[in-house]
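Colleague: I have a structure I would like to understand better, so I am pasting it below and will then ask my questions one at a time.
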Amino acid sequence: MRFLLYSHDGLGLGHTRRHLAVASALAHEAPDAAILLATGAEEVVRYGLPNQVEILKLPGLHKDGNQSYSSRRLRLSVGEIRDLRSALLLTAVKAFRPDVVLVDKHPFGASGEFKAGLKALKRTGGRAVLGLRDILDEPAQVLREWKPNKMLKRVAEFHDQVLIYGDRTIFDPITAYAFPPDLAERTSFCGYVFTPESAQALENFEWPFPPRARRPRPVVLATVGGGEDGFQTLTTFLQAAAKAPWQGIAVAGPMTPEREWEKLTELAAVGGVTLRQFVPHLSALFQEVDALVCMGGYNTLVEATAVGVPTVCVPRVTPRTEQLIRAEAFERLGLVQLCHPARLSPENLREQIAVALGTAPMELRARAQATLRFHGAQQAAQTLLRLASPPSSHTAPTESQPTVTV
């Protein structure tokens, strides 16, 4: 069986990390499967790959705004980078001949770059699955983007299944985003995608703090995901950590702009805070620290709540409010503390960290396990395997086969 997992990766590493978790679950369930991960994020190889997973590296994109992307490194126009990535994806579908394609978030790819590839897949009998994180954005914004292009009708035409990486009791995108009945029927909720990381994943990692038994003061870790939009949060954390009664550790992220990294380095030196740019298996540290400060990205919040680390969440509110909506939902469940960016200051953050340090991790972990389901990667993998069995014949299209239009 052959699987192609595509994510556009215009901002951060969340989309690729979700797909890597699903790919790992697929590799475990079907050791003979061939799995191709199409991504624009070169950092994915630093997370480690199962033997039967290969990377198709797409030229990188940079997210300029909602539904707006430009070339990250190549000096190409918007049209040129779209055409280049589209051609690579189409060639991959034709040459690799996947039984099932899993598309993350954008049903037809960033700026529609996967349209041609999905047409080719449909002509050869392959199956397409759309994977959506629990929350995309506030409903009115999503509907404004989808309605003019009749997106939901086109999704129903091209995708055999929709997987929601979340729980309907926490947020219901079927209702919020007005899924039509035929699409709602083929939509299922997987639970949250979470892959446990043990301290063994950090075997060659230089630990910046002592073990709990020899720890003179609590350790607080701050992370902002990929690092493209977390400068203010990290700056405030570094200021709060200076002369604090706890030890501050900060990870800026591999996509942190150079000028911001230089400023963060200066601040960290002044405040005596350990600063790293990238730790591949960062979530393995969550169980080792006494509190966490993070943004409201899907992967980080899921990983934090799953292990019960006391968390202060500073969600991003632009260009989408997705992180804020998720943080508010998790706060209502008693899983995190929410610090709105408009109220972010060293003093306020220091106060909230003090509250987090007084919270019992075991209670948080028990509450999360009772409230959320964390087997999303396994559920998604099982769905993909069902769709791929029996495998498609991969027959070449004939003249009598209808042409599919988008």
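1066 is the number that my numbering gives to position 151 of the sequence shown; each next residue is one higher, with no gaps.
Positions of the beta carbon are idealized from the N, C-alpha and C atoms, including for glycine.
Give the secondary structure of residue 972 by DSSP, where H, G and I count as helix, E and B as strand, and everything else as coil.
Modeller: Residue 972 falls in the strand class under three-state DSSP.
Colleague: Nearest CA to the CA of residue 1223: which residue from 999, 1183, 1276, 1191?
Modeller: The candidate whose alpha carbon is nearest that of residue 1223 is 1276.
Colleague: According to DSSP, simplified to helix, strand and coil, what is residue 994?
Modeller: Helix, per DSSP.
Colleague: What is the DSSP secondary structure of residue 936, counted as helix, strand or coil?
Modeller: Three-state result, residue 936: helix.
Colleague: Going by DSSP, what residue range makes up the alpha helix (DSSP H) through residue 1207?
Modeller: Here residue 1207 belongs to no alpha helix (DSSP H); instead the beta strand (DSSP E) covers 1206 to 1209.
Colleague: Whose C-alpha, out of 1218, 1184, 1185, is nearest the C-alpha of residue 1200?
Modeller: Selected option, being the one with the closest Cα: 1218.
Colleague: Going by the CB atoms, is the gap between residue 1204 and residue 1134 shorter than 9 Å?
Modeller: Yes; because the gap between Cβ atoms is below 9 Å, this pair is in contact.
Colleague: Quick check: what's the CA-CA separation for residue 1234 versus residue 1129?
Modeller: Distance between the alpha carbons of residue 1234 and residue 1129 is about 43 Å.
Colleague: Let me know the secondary structure DSSP gives residue 921 once reduced to three states.
Modeller: Residue 921: strand per DSSP, three-state reduction.
Colleague: According to DSSP, is residue 1090 helix, strand or coil?
Modeller: In the structure shown, residue 1090 sits in a helix (DSSP, three-state: H, G or I).
Colleague: For residue 1057 and residue 1121, what's the separation of their Cα atoms in angstroms?
Modeller: Rounded to whole angstroms, residue 1057 to residue 1121 spans 43 Å at the Cα level.
Colleague: On the three-state DSSP scale, how would you describe residue 985?
Modeller: Strand, per DSSP.
Colleague: Ignore the nearest five residues each way along the sequence and tell me which others in residue 1108's own chain have a CB closer than 6 Å to its CB.
Modeller: Here the set comprises 933, 936, 1080, 1291, 1292.
Colleague: Can you have a look at residue 1064 and say buried or exposed, based on whether 16 or more other CB atoms are within 10 angstroms of its CB?
Modeller: With fewer than 16 other Cβ atoms within 10 Å, it is exposed.
Colleague: Could you pull the start and end residues of the alpha helix (DSSP H) that residue 1038 belongs to?
Modeller: Note, residue 1038: alpha helix (DSSP H), 1030 to 1038.
Colleague: The beta strand (DSSP E) spanning residue 1295 covers which residue range?
Modeller: Counting along the chain, residue 1295 falls outside any beta strand (DSSP E), though it belongs to the alpha helix (DSSP H) covering 1291 to 1303.
Colleague: Within its chain, find whatever has a CB closer than 6 Å to the CB of residue 1212; leave out the 5 residues flanking it on each side and keep chain order.
Modeller: These residues qualify, in order along the chain: 929, 1140.
Colleague: Compute the Euclidean distance between the alpha carbons of residue 1278 and residue 1137, then round it to the nearest angstrom.
Modeller: About 22 Å.
Colleague: How far does the beta strand (DSSP E) with residue 1136 in it reach, from first residue to last?
Modeller: First-last of the beta strand (DSSP E) with residue 1136: 1134 to 1138.
Colleague: For the beta strand (DSSP E) containing residue 1102, list its first residue and its last residue.
Modeller: Taken as a continuous stretch (DSSP letters only), the beta strand (DSSP E) holding residue 1102 covers 1102 to 1104.
Colleague: Going by CA-CA distance only, name the one from 1047, 1076, 1025, 1020 that's closest to residue 1324.
Modeller: The requested residue 1324 does not occur in the structure, where the chain is confined to residues 916 to 1321.
Colleague: Given residue 1035, which residues of its chain have a CB within under 8 Å of its CB, disregarding the five upstream and five downstream residues?
Modeller: Only 1005, 1008, 1009 meet the Cβ criterion.
Colleague: Just how far apart, CA to CA, sit residue 1125 and residue 1170?
Modeller: When rounded, the distance between both Cα atoms is 28 Å.
Colleague: Is the beta carbon of residue 1263 within less than 8 Å of some heavy atom of the ligand PLP?
Modeller: Here there are no bound small molecules, and the ligand PLP is not part of this structure.
Colleague: Could you check whether the Cβ of residue 935 sits closer than 9 Å to any Cβ belonging to chain B?
Modeller: This model lacks chain B altogether; it includes just one protein chain.
Colleague: Applying the 10 Å Cβ sphere with the 16-neighbour rule, what's the burial state of residue 1317?
Modeller: Low local confidence applies: a pLDDT of 35 at residue 1317 is under 50, so the model's placement there is unreliable, and no value is given.
Colleague: Comparing alpha-carbon positions, which option in 1085, 1060, 1157, 1168 lies nearest residue 1265?
Modeller: Checking every option, the nearest Cα to that of residue 1265 belongs to 1157.
Colleague: Does the count of Cβ pairs from the stretch 1238 to 1251 and the stretch 1041 to 1054 closer than 8 Å reach three?
Modeller: Touching, yes, given that three or more Cβ pairs across the two stretches are closer than 8 Å.
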